[in-house]
Structure formats: structure tokens, C-alpha cells
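Residue numbers (the working numbering): 469 to 767. Think of the CB as a built atom: it goes at the ideal place given N, C-alpha and C, for glycine as much as any other residue. Note that the structure is predicted; figures quoted are calculated from it, not measured.
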């Protein structure tokens, strides 16, 4: 690490996109021989915020680029519900690479961000992509739903009943359901932010609308616009280096991660033994080490 007087260069800006604005944040400067790392956040409906936990990694000379997908964070929050579809976010990724001249780039997508990577690589382009890290992401929403219902079985009887009743009635507003869902998310995703959480995690993501329209009311009732997402059979066409990662206690179960790993030729897989859905938070140092080794291997 560099001295306290050292200030990392951070550039922020907005890209015009479909009449809206996409916020981006660039940490560090380009270094010859080290392609930038483009970070793609989860959700749909999260934001770049948690990727700020990686800022110090730019000290290695690796430029980091993060952004808020339209409908999230500091980007435009469209009223038009037809915007909140996977094609919009794929086209936005294409536009961002062009806008920021990311001709050669590594990519790291977490959760929905990894799904977006898979969609992009199988249906749009692989040109100039030096490597991809798919972190906690399913290739099939239907498999995701099945695995979430399996994970629910580890909750208390009362919580299982509250969730089953909410699913039966379609009413996801009751206090018993909300409390049960919070406990489920704390078990497999991450804790609700409080005053002890890293500052970026305490900031709003502004993505509730995007999440509800695209995903649905929760992780196990996926009835939004991405509910038909399934690129499993297309993964065989990916020919860039891919590292699949997930945690042992992750919403993205080992079965989900292995399904992705099994279908991508030459893929590698790293399982974080003590992590939930955000190993960057739960096992920060190991995550950085795994990421650093992977990027150096594929520069």
C-alpha cells in the first residue's frame, strides 16, 4: 500500500444512453500490459457501491471501471417500465465499452452482473475480452428458483410457513414474511447494513423499481422480465478464459455455480469456503488474491 499522502485518481462521469444517463466511475489510470477491469454489479437493481471495496486494488496499477446500470444508483431512473429488460442492460454494456474505449478489458460480474456477462458473451460479442470472472451467478433462473426453495428448508418452521403463505397469496408485505425474508437474506446474501457496515454498503442503490420489474419480489419468486433467463446451452460457445466463483453459503449454491462451470469450455472454478453471496465482503483478502492471480494469468 502507498502512503497516506497518496491520492488515487478517481474520475466520474455520465454516458448518454437511450435518452438517459449512465453513471460511471474510473479508479486509477491505465497501465501498459494491464488491461482495465470492468465491474458489473448485481440486481437487477443494485449499484456499483459495493465495488468501491475494491478501490485499493487499483494501487497495483490495474484501472477499475464501475458503473450504475440504468435504473440504479446515480444513473437515470426511467419511469418507462419497458426499459427494465435484459436487452437494455446488454446494449448499455456495449455502449459503455465503446464510450470509454475499452477495446481490451477484463470483466467481473457479480450475481446478475455475471448473468449479464454470460448473455453478452453468448449473444453479442467476445471481442477484446481478455478474461471473465462470473461471481455467484446462475445461467438459468429456473435452476436458481429451485435452489432457493431448497435453501428455504434450512429456515425455522415459522419462517418457512410465513414465506409459503406469502407465495400462496402473492402478498409480500406482511411483517412475518418480511422478517423471514430478512433472515433468509442474512443467511445466504449479506447482513442489512448498519453503522458498522462499510460506508459504500450504507448508501442507497435506488434500484427498487428495477428489482421489482426485472426480478420480482424476492430471490425465490422470480416473476419479472428476466424470469425466462436461460443461457446454459449457449455457454459452450464462450471461448474466452472464464473463472466461476461462489461461496459455500451463497444464494448461488455450488450446484448453480457448477452448472455454469460445466458448460463453459476450459473454465476454472473457485469456491469461497466461508462466504455468502458477496465474497468481496465476507472474505475480502482471499477474494482480492484470487482476482489478482486470475487477472495476471490472463493479461
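Please determine whether the Cβ atom of residue 701 lies at a distance below 7 Å from any heavy atom of the ligand NAP. Looking for the ligand NAP in the displayed structure turns up nothing, as the structure carries no ligands at all.
Alpha helix (DSSP H) runs contained entirely in the stretch 673-702, provided each spans 4 or more residues: Within the stretch 673-702, the complete alpha helix (DSSP H) runs of at least 4 residues are 676-682.
According to DSSP, simplified to helix, strand and coil, what is residue 719? It is coil, neither helix nor strand.
Length of the line joining the Cα atoms of residue 750 and residue 707: Here the alpha carbons of residue 707 and residue 750 stand approximately 31 Å from one another.
Give the DSSP bridge partners of residue 597, in chain order. DSSP lists 573 as partners of residue 597.
Leaving aside the five residues before and after residue 557 along the sequence, list all residues of the same chain whose C-beta is less than 8 Å from its C-beta, in chain order. Within the same chain, residue 557 has close Cβ partners 512, 537, 538 and 584.
If you draw a straight line from the alpha carbon of residue 533 to that of residue 629, how long is it in whole angstroms? The straight-line gap from Cα to Cα measures roughly 43 Å.
Just grab the DSSP bridge partners of residue 535 for me. DSSP output for residue 535 lists 492 as bridge partner(s).
Could you spell out the range, first to last residue, of the alpha helix (DSSP H) harbouring residue 640? Residue 640 -> no alpha helix (DSSP H), and no H or E assigned at all.
Looking at the structure shown, is residue 484 part of a helix, part of a strand, or coil, going by DSSP? The answer is strand: DSSP assigns residue 484 an E or B state.
Could you name the residues of the same chain whose beta carbon sits closer than 8 Å to that of residue 752, not counting the 5 residues immediately before and after it, in chain order? Excluding residues within five positions, the ones whose Cβ falls inside 8 Å are 521.
Bridge partners of residue 740, per DSSP? 715, per the DSSP bridge assignment.
Express the C-alpha separation of residue 646 and residue 540 in angstroms, rounding to a whole number. Whole-angstrom Cα-Cα distance: 23 Å.
For residue 561, collect the residues of the same chain with a Cβ closer than 6 Å to its Cβ; drop the 5 residues on either side in sequence, then sort them by chain order. Excluding positions up to five away in sequence, the list reads 588.
Can you check which of these residues, 674, 494 and 545, is closest to residue 476 by C-alpha distance? The shortest C-alpha separation from residue 476 is found at 494.
Going straight from the alpha carbon of residue 672 to that of residue 705, what length do you get? Distance from the CA atom of residue 672 to the CA atom of residue 705, rounded to whole angstroms, is 37 Å.
Within the stretch 510-569, ranges of the alpha helix (DSSP H) (whole runs, at least 4 residues): Listed in chain order, they are 554-567.
In the structure shown, what three-state DSSP assignment does residue 650 receive? Helix at residue 650.
Please classify residue 629: does DSSP put it in a helix, a strand, or coil? It is helical.
Quick check on this structure: which residue in 702, 598, 710 and 612 has the alpha carbon closest to the alpha carbon of residue 572? When each option's Cα is compared against that of residue 572, the closest is 598.
Sequence-distant residues of the same chain with beta carbon closer than 8 Å to residue 727, five excluded per side: Closer than 8 Å at the Cβ level, and outside the excluded window around residue 727, lie 606, 607, 608, 611 and 700.
Count the other C-beta atoms from every protein chain shown that fall within 10 angstroms of the C-beta of residue 638, then say buried if there are 16 or more, exposed otherwise. Its Cβ having fewer than 16 others within 10 Å, residue 638 is exposed.
Could you tell me whether the Cβ of residue 666 comes closer than 8 Å to any Cβ of chain D? Among the chains of the structure shown, chain D does not appear; only one protein chain is present.
Contact set for residue 631: own chain, Cβ-Cβ below 8 Å, skip 5 residues either direction: Spatial neighbours of residue 631 in its own chain (CB-CB distance under 8 Å, excluding positions within 5 residues in sequence) are listed in chain order as 620, 623, 645, 648, 649, 652 and 688.
Would a C-beta distance cut-off of 8 Å place residue 535 and residue 491 closer than the cut-off? A contact, by the Cβ cut-off of 8 Å.
Between which two residues does the alpha helix (DSSP H) harbouring residue 613 extend? 609-620 is the span of the alpha helix (DSSP H), which, as asked, contains residue 613.
For residue 725 and residue 625, the rounded distance between their alpha carbons: Rounded to whole angstroms, residue 625 to residue 725 spans 28 Å at the Cα level.
Host beta strand (DSSP E) of residue 623 (start-end): For residue 623, no beta strand (DSSP E) run applies, since DSSP gives it neither H nor E.
Reduced DSSP secondary structure (H/G/I, E/B, other) of residue 479: In this structure, residue 479 counts as strand in the three-state DSSP scheme.
Measuring straight from C-alpha to C-alpha, what distance separates residue 618 and residue 523? Spanning the two alpha carbons is a distance of roughly 36 Å.
For the alpha helix (DSSP H) containing residue 589, name the first residue and the last one. Taken as a continuous stretch (DSSP letters only), the alpha helix (DSSP H) holding residue 589 covers 580-591.
Contact defined as beta carbons within less than 8 Å: I believe residue 732 pairs with residue 703. What is the distance between those atoms, to the nearest angstrom? About 5 Å separates the two Cβ atoms, so the contact holds.
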